[in-house]
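The structure appears right after this line, and notes come after that.
In the working numbering, the protein residues as written are 2 to 55.
Printed below as a string of structure tokens:
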């Protein structure tokens, strides 16, 4: 199996390792905050079911 260049190994580690997981967590929390803020600005309950049972 051929060796990969060190910069490729480091780039893959950054994307799939702790930095990638941190970035995805930050993105998830940012999306949640955006959803909450947008719902509150419209005067709605952010956790209400958008399709309540009939």
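Glycine included, every Cβ here is placed at the ideal spot set by N, Cα and C.
_Excluding the 5 residues flanking residue 40 on each side, which residues of the same chain have their C-beta closer than 6 Å to its C-beta?_
The residue you call residue 40 lines up with position 39 of the chain shown. Contacts found: 47.
*Give the secondary structure of residue 51 by DSSP, where H, G and I count as helix, E and B as strand, and everything else as coil.*
The count along the chain shown starts at 1 and reaches residue 51 at position 50. Of the three classes helix, strand and coil, the one that applies to residue 51 here is coil, per DSSP.
*Does DSSP put residue 3 in a helix, a strand or coil?*
As a working note, residue 3 is residue 2 in the chain shown. Looking at residue 3 - three-state DSSP - the assignment turns out to be coil, as it is neither helix nor strand.
*Cα separation between residue 5 and residue 19?*
Position 4 of the chain shown holds residue 5. Position 18 of the chain shown holds residue 19. Approximately 21 Å, taken between the alpha carbons.
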